[in-house]
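Here's the structure, in structure tokens; my notes come after.
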Ligand code: HAM
């Protein structure tokens, strides 16, 4: 017997209905924000991810050498491919670029609840716009994409952090430019590992730089706890040359929160310096949406990444976006009873009274289908009783019945499968 591989799902029709419902909400909401859909390839040159996504993703790649000897990988995320696609057309592209995509990604992760090796992800990104209004638009789209399922502030929140402010803070503590990315990736793990393991990661990140690692860890531990803009400012105290940068950033924080209020999503947003994000390319505001019921898992994550397009060798272009996974969203909808999907059922089950009536029945069925109705019918001769059982099991709302008598009278009998009510309709009116 063959089993599915660990972390891979198979979708039976009812699972597909659930998945398509989720994708439908995502597509509808993205379009209301003026986003257009795009699709990157599933398989890419390995370097696209090893160089751009950062250490964690690197260890999770589904990579191999193809028959042409190329080092390739299934995509673990879509952002580097998007950056390449936009970069390649940068000269002629209408800006801001507002694109979304829904597709399967692959990460060789340890399988656990909410984390699989193959998962669908909805991505939405704005490229070519550096103002805070783009960050606000992306955050609002993320929140509205979850509200589209009927989810509320009681069920999820968005934690908003800031790599720019982290960089200022780490610089003020003497961390050098080249140490900042590894220090931020250690900070990203702080909530997930024991204190000693964090200290080890931190000392590897600043290795031999003459910094007091325990003191640094303590200051970081306090900065992580900041949950409002006033305390973010006061955490710095007087700080000389970078004071102006910090004040400017604090003004941007206030402006962003104000725009988010205007967009009607402010009540979902919690400033939180504990969010730094694991991927290496983020440069500014970063955020994660978490469910606030059940296990509190991450539903989506994203942020600003202004250098990625340039790092791929194209003209620099500011960018901000998010990715939202189907696994945790689907589990959350189930948990709170808002799965709301409609199973794939026919509108009509067509009961064929005799094999003599079948040719005429097929003509009518095909014209009903062309008219947009979903119609199912028995593929072989069977009794009325069996056909009505099939009709009930199919979930159809109505049965259309055509036997020899109906053909003679030029009608089809219509029976509601919910109330049992019957009526007749002329065949020519049906067409
Ligand atoms: P990410 O945080 O790696 O970001 O993933 C975003 C979301 O994808 C997560 O919050 C989670 O819902 C889902 N996800 C990630 N890994 C798995 C997994 N193994 N199993 C199930 N779901 C998973 C990114 O991927 C960025 N590229 C997002 C982005 C777009 N940033 C800017 N634009």
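Numbering (the working numbering), first residue to last: 27 to 457.
Just so it is clear, CB atoms sit at the ideal spot from N, CA and C, and this is done for glycine as well.
All values reported here derive from a predicted model rather than from experimental measurement.
For the set 447, 288, 383, 373, the Cα lying nearest the Cα of residue 419 is the one of 373.
Using a Cβ distance threshold of 9 Å, residue 189 and residue 298 do not count as a contacting pair. By the Cβ neighbour-count rule, residue 54 is exposed, with fewer than 16 other Cβ atoms within 10 Å of its own. Residue 414: member of the alpha helix (DSSP H) spanning 410–420, first to last residue. Residue 406 has its alpha-carbon roughly 20 Å from the corresponding atom of residue 424.
Cβ neighbours of residue 86 within its own chain (closer than 7 Å, five residues either side excluded): 102, 133, 134, 135. One alpha carbon belongs to residue 332, the other to residue 442, and they sit about 59 Å apart. When DSSP reads this structure, residue 350 sits in a beta bridge with 148, 326. The stretch 40–54 and the stretch 88–96 do not touch, with fewer than 3 CB-CB distances between them shorter than 8 Å. With respect to residue 283, residue 255 sits close: the two C-beta atoms are nearer than 9 Å. In this structure, residue 303 sits near residue 312, with a CB-CB distance shorter than 9 Å. Per DSSP, residue 296 is not a residue of any alpha helix (DSSP H); the beta strand (DSSP E) it occupies stretches across 295–297. Taking the Cα positions, residue 403 is about 24 Å away from residue 367. As far as DSSP is concerned, residue 54 takes part in no beta bridge. Three or more Cβ pairs closer than 8 Å define a contact, and the stretch 107–119 falls short of that threshold against the stretch 139–147. From the listed residues 339, 433, 336, 261, the smallest Cα separation to residue 381 is found for 433. The beta carbon of residue 31 is closer than 8 Å to those of 143 in its chain, skipping five residues each way along the sequence. Residue 248 is not bridged by DSSP to any residue. Sequence-distant Cβ neighbours of residue 413 in its own chain, meaning closer than 6 Å and more than five residues away, are 377, 404.
Secondary structure within the stretch 256–320: the beta strand (DSSP E) runs of 3 or more consecutive residues, fully enclosed, are 295–297, 311–317 (chain order). Excluding sequence positions up to five before and after residue 39, its CB lies within less than 7 Å of the CB of 370, all in the same chain and listed in chain order.
Relative to the Cα of residue 321, the nearest Cα in the group 358, 47, 272 belongs to 358.
Here residue 330 is not near residue 351, since their CB atoms are 9 Å or more apart.
Taken through DSSP and simplified to helix, strand or coil, residue 186 comes out as strand. In the structure shown, the three-state DSSP call for residue 131 is strand.
According to DSSP, residue pairing for residue 345 in a beta bridge involves 153. Under the three-state reduction of DSSP, residue 333 is assigned to coil, being neither helix nor strand. Taking 3 residues as the minimum length, the beta strand (DSSP E) runs contained wholly in the stretch 367–398 are 374–378, in order along the chain.
Rounded to whole angstroms, residue 71 and residue 99 show a C-alpha spacing of 6 Å.
Within its own chain, the residues whose Cβ lies closer than 7 Å to the Cβ of residue 399, once the five positions on either side in sequence are excluded, are 373, 374, listed in chain order. With respect to the 9 Å criterion, residue 326 and residue 294 are not classified as neighbours on the basis of their beta carbons. Note on geometry: alpha-carbon atoms of residue 315 and residue 182 lie some 7 Å from one another. Listed in chain order, the non-local C-beta contacts of residue 341 below 6 Å within the same chain comprise 116, local neighbours out to five positions each way being set aside.
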